[in-house]
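Input: a single structure, listed below in structure tokens.
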Amino acid sequence: MSRMDRPAPLDPAYDWLTADCLDVAPKLLGWELVSHAGGLETAGRIVECEAYHGLEDPASHAFRGPTKRTAPMFEAGGHVYVYLSYGIHTCMNIVTGQAGEGQAILLRAIEPTAGLEVMARRRGTTDPRNLASGPGKLTQALGVGLELSGTRLGETLFLRPPSDPHDQALVVTGPRVGITRALHHPWRFYLRNNPHVSRR
DNA sequence: GTCAAGATTAGT
DNA sequence: CTAATCTTGACG
């Protein structure tokens, strides 16, 4: 019996994620991120994210080439990359670009839209502004763990198109948060005046 | 083998 | 401002 080790083709609905991360990141705002992790549905609109430009970006985990941890970053756009931050928090990215480029977009905040009670239980708070505002809080609220690194969108995590087209007019850029290199790039993208964005 | 740094968060 | 907490990646 030969096993079919070739992965199933990525859902064509996610093909647009193979574009450059700097093009994808602003467009990602307003999309709804849906999680079925743990057999429970939770979801929220993406209101803040940051682009990491692969091999050319000193602030990117992919800067020094693929490693065991960062291997998913070098898959084609539409994959998921999750890592452990400061030994405590997990952060999730959506991989973009072509295979081999190492691009990814860190999801920093969502505005909860479904499964609020589940999120509240996981997070230990009911304040909707504090459920998933921050990369570590977002993964905790959605039940996203390291085991999802290397999976693809369409399996446990899904994207649904923006419900409000008006969001695109509210996109703001600025320097990325929490890094020490390549500080000058305005590669953080968020929705102006949205109360769920992690920092002002 | 050893060690410094880190895409964060909660609490003082 | 700092502690918590631990993996990665660089160096030898």
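Residue numbering for the first sequence follows the numbering used here, starting at 241 and increasing by one per position. Cβ atoms here follow ideal geometry from the backbone N, Cα and C, with glycine treated the same way.
Problem set entry | Coil, strand or helix - His406 by DSSP | In the first sequence, counting from the first residue as 1, residue 406 sits at position 166. Helix, per DSSP.
For this session: Report the three-state DSSP secondary structure of Phe429 (helix, strand or coil).
Result: Translated into the one-based positions of the first sequence, residue 429 becomes position 189. In this structure, Phe429 counts as strand in the three-state DSSP scheme.
For this session: Compute the distance between the beta-carbons of Gly340 and Ala259, then report whether it is under 9 angstroms.
Result: Here residue 340 refers to the residue found at position 100 of the first sequence. Here residue 259 refers to the residue found at position 19 of the first sequence. Their beta carbons are not under 9 angstroms apart, which means Gly340 does not touch Ala259 by this criterion.
Problem set entry | Three-state class that DSSP yields for Glu288 in the structure shown | Taking the first sequence and counting its residues from 1, one reaches residue 288 at position 48. In this structure, Glu288 counts as strand in the three-state DSSP scheme.
Problem set entry | Delimiting residues of the alpha helix (DSSP H) encompassing Met359 | The residue given as residue 359 occupies position 119 in the first sequence. Here the alpha helix (DSSP H) through Met359 covers Leu356 to Arg363.
Problem set entry | Close-in-space but distant-in-sequence residues of the same chain around Leu324 (CB under 7 angstroms, 5 per side omitted) | By 1-based counting over the first sequence, the position of residue 324 is 84. Same-chain partners within the cutoff: Thr330 and Leu386.
Exercise. Is the beta carbon of Ser389 sitting closer than 9 angstroms to the one on Tyr292?
Worked result: In the first sequence, the residue the question calls residue 389 occupies position 149. In the first sequence, the residue the question calls residue 292 occupies position 52. No, Cβ-Cβ distance for Ser389 and Tyr292 is not below 9 angstroms.
Problem set entry | DSSP bridge partner residues for Gln343 (one or two, in chain order) | Here residue 343 is taken as the residue at index 103 of the first sequence, counted from 1. His293 and Thr336, per the DSSP bridge assignment.
Problem set entry | Continuous beta strand (DSSP E) stretch holding Thr413: start and end | On the first sequence, residue 413 is found 173 positions in, with the first residue counted as 1. It spans Val411 to Gly414 - the beta strand (DSSP E) in which Thr413 sits, taken as one unbroken run.
Exercise. Looking at the structure shown, is Tyr321 part of a helix, part of a strand, or coil, going by DSSP?
Worked result: Within the first sequence, residue 321 is the residue found at index 81, counting from 1. DSSP places Tyr321 in strand when its eight states are reduced to three.
For this session: Put Ala253 into one of helix, strand or coil per three-state DSSP.
Result: Position 13 of the first sequence holds residue 253. It is helical.
Exercise. Can you check whether the CB of Asp404 is closer than 9 angstroms to the CB of Gly270?
Worked result: Locating residue 270 in the first sequence gives position 30, counting from the first residue. Locating residue 404 in the first sequence gives position 164, counting from the first residue. The answer is yes: Cβ separation under 9 angstroms.
For this session: Output yes or no for whether 9 angstroms exceeds the beta carbon distance between Ile350 and Leu273.
Result: Residue 350 sits at position 110 when you count from the first residue of the first sequence. Residue 273 sits at position 33 when you count from the first residue of the first sequence. Going by C-beta atoms, Ile350 is nearer than 9 angstroms to Leu273.
Exercise. Within this structure, are the beta carbons of Pro435 and Arg369 separated by less than 9 angstroms?
Worked result: As a position in the first sequence, residue 435 is number 195, starting the count at 1. As a position in the first sequence, residue 369 is number 129, starting the count at 1. It is a contact, given that the beta carbons lie within the stated cut-off.
Exercise. CA-CA distance, Asp407 and Leu431?
Worked result: Here residue 407 is taken as the residue at index 167 of the first sequence, counted from 1. Here residue 431 is taken as the residue at index 191 of the first sequence, counted from 1. Rounded to whole angstroms, Asp407 to Leu431 spans 7 angstroms at the Cα level.
For this session: Could you name the residues of the same chain whose beta carbon sits closer than 6 angstroms to that of Ile334, not counting the 5 residues immediately before and after it, in chain order?
Result: As a first step, residue 334 is located in the first sequence; it is residue number 94 there, counting from the start. Close CB contacts of Ile334 within its chain, under the 6 angstroms cut and outside five residues either way in sequence, are with Ile345 (chain order).
Exercise. Taking all protein chains shown into account, do 16 or more other C-beta atoms lie within 10 angstroms of the C-beta of Glu288, making it buried, or fewer, making it exposed?
Worked result: Within the first sequence, the letter at position 48 stands for residue 288. Label assigned to Glu288: buried.
Problem set entry | From Arg363, Arg400, Gln380 and Ser300, residue whose alpha carbon lies closest to that of Ala277 | Along the first sequence, read from residue 1 onward, the residue named residue 277 stands at position 37. It is Gln380 whose Cα lies nearest to the Cα of Ala277.
Exercise. Which term fits Ala354, buried or exposed, when burial requires 16 or more other beta carbons within 10 angstroms of its beta carbon?
Worked result: Position 114 of the first sequence, counting from 1, holds the residue named residue 354. With fewer than 16 Cβ atoms within 10 Å of its Cβ, Ala354 is classed as exposed.
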